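These notes concern the structure reproduced below.
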Amino acid sequence: MSVSFSPRQVAILGATGSIGTSALDVIARHPARMRASVLAAGSNVEALVALCRTHRPDHAAIADPALYERLRSGLADAGLSTQPHAGPEALDALAASDSCDTVVAAIVGAAGLSSTLAAARAGKRLLLANKESLVLAGELLTREAAASGAEIIPIDSEHNAIFQCLRSRDASVEGAGVRRIILTASGGPFRGRTRAELEAVTPAQAVAHPKWSMGPKISVDSATLMNKGLEVIEAHHLFNIAGSRIDVLVHPQSLVHSLVEFIDGSTLAQLGLPDMRTTLAVGLGWPQRIESGVSGLDLLSQGRLDFEAPDLEAFPCLRLAWQAMDAGGSAPAILNAANEVAVSAFLQGRTGFLSIPALVEHTLSTLPGEAVDTLDALLAIDAHARQITESAITRLPHA
Ligand code: NAD
Ligand code: MG
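Following the numbering used here, the numbering of the sequence shown begins with 6 at its first residue and continues without gaps.
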């Protein structure tokens, strides 16, 4: 019997970013088994056209509708048959279309929710890097994916590590025997500093991550430890596990990507160099292992693996995220929106580093928590939380 084999058709939403570029690197290593069929980005139209020249997708989309003409003429000038599209709705439609069977959700922030949801509803294999969509709408997103049969594979090194240890996404399934999940954290560029020493840190210092090369927003989140807070909420939804069974351990070498402890006393961990191409190769090839371009781990030359407890005094964002998860309802959406606004203001030099947790705490305490179930309700809360955070920024003494 001959088996017909058609290559995986991959849509990359956020193609010009750090995760998008790593995904394209892995895909290009396997021309017989996969190709990039759709590339989408926010506003960097030149970078998108350059990627189209190399990867020759069927469709290219830019989220900013004003850039349609530049995308169209850029593709035409390059002599490409790639079809141009613009606007957020075009991204949603492409994510759900027959042009792809796999979607890499690598847009940063809540801006990625709509297309991530569209891919989940359409039953795609969903390589989910856009953790903010899980924080904002985790119940909705996992419910829709379960209903359509969409297979979510986490593209966050920690969650991908747990996925590899469990070989599934369900830590609560009968017989899985999971006692707890332990997320590792690098500690970011300011590990070991006191709160007072964080007062005057600059955006340039905050985005200079010691171990990972990532986009600016997640780099600041790593510096405040909000990234680990978002990841605790992400793990709760992805693995269907209570927050009380998720722990965080700081591991500065970033080689142990996370661990799962079982009821029989076993602990499984996944190790590797800090390079997201390994994570993406797992998502693209699963359940098979494929080459990623990342070399193996030489533990002898690495020398040692250290672990320490996170400092919640100096980095209150992790505590705030834990509280928001325990409160449930609208609280994680409020936390996420406030954080996005605060991080953006910090990157623009409009607020200080310590204002990030202060603004998140302010917005969480200003908006009452409520039960939410629909996308419209979540988006309204997201918008309201953004307004409250913005107006608090304009009232800050040094703003
Ligand atoms: P990045 O800033 O490097 O790239 C972001 C991408 O999103 C770009 O392609 C940009 O054009 C696109 N984009 C921005 N706004 C958009 C909009 N409104 N509509 C459509 N597209 C838009 O970010 P990144 O580091 O690649 O991170 C992407 C996501 O992956 C984030 O949610 C992040 O938390 C997650 N993640 C990243 C890493 C990493 O190593 N970089 C690791 C784990 C998780
Ligand atoms: Mg991570």
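Virtual Cβ for every residue (Gly too), placed ideally from N, Cα, C. Computed from a predicted structure; not experimentally measured.
Own chain, CB closer than 7 Å to residue i, minus 5 neighbours either side, in chain order
i: residue 404; result: Per-residue confidence for residue 404 stands at a pLDDT of 46, beneath the threshold of 50, marking its modelled position as unreliable; the derived number appears in the next sentence. Excluding sequence neighbours, residue 404 sits near 355, 356, 398.
i: residue 119; result: 93, 97
i: residue 324; result: 317
i: residue 347; result: 356, 360, 361, 364, 365, 394
i: residue 149; result: 122, 125, 126
i: residue 350; result: 356, 398
beta-carbon residue i near ligand 2 non-hydrogen atom, thresh 7 Å
i: residue 249; result: no
i: residue 236; result: yes
Residue i Cβ short of 7 Å to ligand 1 heavy atom set
i: residue 161; result: yes
i: residue 245; result: no
i: residue 135; result: yes
i: residue 158; result: no
i: residue 231; result: no
i: residue 111; result: yes
i: residue 25; result: yes
i: residue 278; result: no
i: residue 93; result: yes
i: residue 216; result: no
i: residue 257; result: no
i: residue 96; result: yes
8 Å Cβ shell around residue i - same chain, five flanking residues per side excluded
i: residue 239; result: 136, 139, 140, 143, 159, 161, 164
i: residue 310; result: 256, 258, 260, 261
i: residue 314; result: 254, 255
i: residue 327; result: 234, 237, 248
Exposure label - residue i; buried when at least 16 CB within 10 Å
i: residue 284; result: buried
i: residue 292; result: exposed
i: residue 381; result: exposed
i: residue 174; result: buried
i: residue 178; result: exposed
i: residue 307; result: exposed
i: residue 373; result: exposed
i: residue 172; result: exposed
i: residue 274; result: buried
i: residue 320; result: buried
i: residue 20; result: buried
i: residue 305; result: exposed
i: residue 167; result: buried
i: residue 353; result: exposed
i: residue 282; result: buried
Cβ-heavy atom distance, residue i to ligand 4, below 7 Å
i: residue 222; result: Of the ligands this structure carries, namely ligand 1 and ligand 2, none is ligand 4.
Sequence-distant residues of the same chain with beta carbon closer than 6 Å to residue i, five excluded per side
i: residue 76; result: 50, 67, 89
i: residue 12; result: 38, 39, 40
i: residue 250; result: 185
i: residue 14; result: 42, 105, 106
i: residue 391; result: 342, 346
i: residue 211; result: 225, 228
i: residue 63; result: 42, 104
i: residue 412; result: Lying before the first or after the last residue shown, residue 412 is absent from the chain, which here runs from 6 to 404.
i: residue 206; result: 358
i: residue 219; result: 23
Expected contact under 8 Å - CB spacing of residue i and residue j to nearest Å
i: residue 54; j: residue 22; result: With a Cβ gap of about 16 Å, residue 54 and residue 22 do not count as contacting.
i: residue 108; j: residue 131; result: 5 Å
i: residue 343; j: residue 365; result: 4 Å
i: residue 243; j: residue 187; result: With a Cβ gap of about 15 Å, residue 243 and residue 187 do not count as contacting.
i: residue 18; j: residue 56; result: Going by Cβ atoms, the distance from residue 18 to residue 56 rounds to 13 Å, so no, they are not a contact pair.
i: residue 128; j: residue 95; result: About 20 Å separates the two Cβ atoms, so there is no contact after all.
i: residue 111; j: residue 25; result: 5 Å
i: residue 83; j: residue 58; result: 5 Å
i: residue 268; j: residue 182; result: 5 Å
Chain B within 8 Å of residue i, Cβ atoms only
i: residue 190; result: The structure shown contains no chain B; it holds only a single protein chain.
Next on the checklist: With three or more beta-carbon pairs closer than 8 Å as the criterion, would you say the segment 95 to 110 touches the segment 120 to 130?
Outcome noted: Counting Cβ pairs under 8 Å, three or more are found: they touch.
Item to check | Three or more C-beta pairs below 8 Å linking the segment 380 to 388 and the segment 336 to 348 | outcome: Yes: the two stretches touch, three or more of their Cβ pairs being nearer than 8 Å.
Next on the checklist: Does the structure place the segment 286 to 300 close enough to the segment 41 to 54 that three or more beta carbon pairs sit under 8 Å?
Outcome noted: Contact annotation: the segment 41 to 54 does not touch the segment 286 to 300, with fewer than three C-beta pairs closer than 8 Å.
Checklist entry - Are the segment 212 to 219 and the segment 187 to 197 touching by the rule of at least three beta carbon pairs closer than 8 Å? => result These segments touch.
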